[in-house]
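Take a look at the structure set out below.
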Amino acid sequence: WEVKAPYIYRINQLKKEKNILILAHNYMTPDIFHCISDIKGDSLGLAREAAKTDADTILVCGVYFMAETTKVLSPDKRVLISDPTAGCSLADSITGADVKKLRQEHPGVPIVTYVNTTAETKAEVDICCTSGNALKIIESIDSDEILFVPDRFLCRNMQTQTDKKLIEWSKGSCEVHELFTVESINEFRAAHDGLVVIAHPECPREIVEASDFSGSTADMINFVEDRRPKKVLMVTECSMSDNLTGMYPDVEFVRPCNLCPHMKKITLENVLETMETMSPEVFVAPEVIDGAKRSVERMLEVK
Ligand code: 13P
Ligand code: SF4
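The following block contains the structure:
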């Protein structure tokens, strides 16, 4: 912390001097999450905030598709991300051209895309969703059959909760959540009496089945806030437990967890450099913005 304090101080100074709003995803490290962010949240919460801020510049502490979504919703603002190579295995698994092909193969079937996609992919679909509203979005669509891309595990987890037929995209999965195993959950349950297991719905179906609750990162935080389990295993990215440990000293956060190498590219050091130089800036082609904005705004309109 001695090393980090000057960075935190200077970043907070620059936020005021340059009217920069910092959005931080729940997977950011505690220094970013607790000490410099203005808004923290899951993908849905961050998208909502991005749509209503009046700051001149938004700095996104998250992965590139999140920064793109912010730009799509606020095209007139300057949007910055301190490492534009912070990708996502889900966003990389499908392209706009893939979606066009899917439309030809399934004529008339609406296409829902998870928000973990590029703006170019979002521009080709009918509506977006996040893990926080996926079921609501599915149920809002007037069709018994829906193409749900690209996360095949989220698709399978949602399929258990809807009568509509969801068609999955076989190539999409989160490289972080697919690593968890039922065996390790069982071992942790055996080692920790009364352990409560909560899993993100990007996990494979059998992991969610072996858990006591599943929801978006914000839903998982709300679960801990409301239920205050004595011991909890958060089956998701490691920073979630790191961020909550100090907030809930009465709760024991049992590991394992997995790190997202993309989220971890965002550091205090590169955030400060970005604020000093006001770069790298996120650009999305105007024709892509129009299509992607339609898909994201449709999602935000579903109550
Ligand atoms: P949520 O925060 O929307 O649950 O998403 C998790 C995630 O993996 C983001 O990349
Ligand atoms: Fe993508 Fe998974 Fe990392 Fe989220 S945790 S950014 S879904 S690779």
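So in full-length UniProt numbering, the last one in the sequence shown is 333, and the numbering has no gaps at all. In this text, a Cβ means the ideal position worked out from N, Cα and C, and glycines have one as well. None of the values given here were measured: they were computed from a predicted structure.
Residue i (DSSP reduced to helix, strand or coil)
i: N146; result: coil
i: V254; result: helix
i: G321; result: helix
i: L110; result: strand
i: E154; result: coil
i: E32; result: coil
i: V227; result: strand
i: L120; result: coil
i: K201; result: coil
i: K194; result: coil
i: F178; result: strand
i: I296; result: coil
i: C233; result: coil
i: I171; result: coil
Sequence-distant residues of its chain with Cβ nearer than 8 Å to residue i (five each side left out)
i: N300; result: S112 and D113
i: G75; result: I69, G162 and A248
i: I38; result: D61, C65, I66 and L298
i: V314; result: E98, K101, V102, P105, A149 and A322
i: I168; result: V142, C159, I176, F178, M188, T192, K194 and L196
i: M293; result: H55, Y57, M58, G92, V93, A116, E267 and S269
i: V129; result: I141, T143, T151, E154, V155 and V179
i: P231; result: S161, A164, F183, L184, N187, M188, V238, S244, G245 and S246
Exposure of residue i, with buried meaning 16 or more beta-carbon neighbours within 10 Å
i: P291; result: exposed
i: M305; result: buried
i: G126; result: buried
i: L289; result: exposed
i: E331; result: exposed
i: P180; result: buried
i: D272; result: buried
i: N216; result: exposed
i: T115; result: exposed
i: residue 336; result: Not covered by the structure: residue 336. The range shown for the chain is 31 to 333.
i: T275; result: exposed
i: S173; result: exposed
Contacts around residue i, its chain only, beta-carbon distance under 7 Å, and the 5 residues preceding and following it disregarded
i: I52; result: K45, I66, S67, D68, L89 and C91
i: V318; result: A149, E150 and A153
i: P286; result: S214
i: K166; result: V332
Same chain, Cβ closer than 6 Å to residue i, five either side skipped, listed in chain order
i: D86; result: N49
i: T59; result: S269
i: V109; result: I88, A97, T100, K101 and V312
i: V33; result: none
i: S246; result: D72, S161 and G162
i: R219; result: L225
i: K295; result: D113 and A116
Report yes or no: do three or more beta-carbon pairs, one from the stretch 189-196 and one from the stretch 241-251, lie closer than 8 Å?
As far as the Cβ criterion goes, the stretch 189-196 does not touch the stretch 241-251, which means the pair count is below three.
What are the complete beta strand (DSSP E) segments, minimum 3 residues, inside the stretch 238-289?
Every beta strand (DSSP E) stretch that sits fully inside the stretch 238-289 and reaches 3 residues is listed by chain position as 261-265 and 282-284.
Fully enclosed by the stretch 41-114, which alpha helix (DSSP H) runs are 4 residues long or longer?
60-65, 73-82 and 94-103
Assess, as a yes-or-no matter, whether the stretch 213-226 is touched by the stretch 303-317 under the definition of 3 or more beta carbon pairs within less than 8 Å.
no
Touching by the beta-carbon criterion (3+ pairs, under 8 Å), the stretch 153-167 and the stretch 198-216:
no
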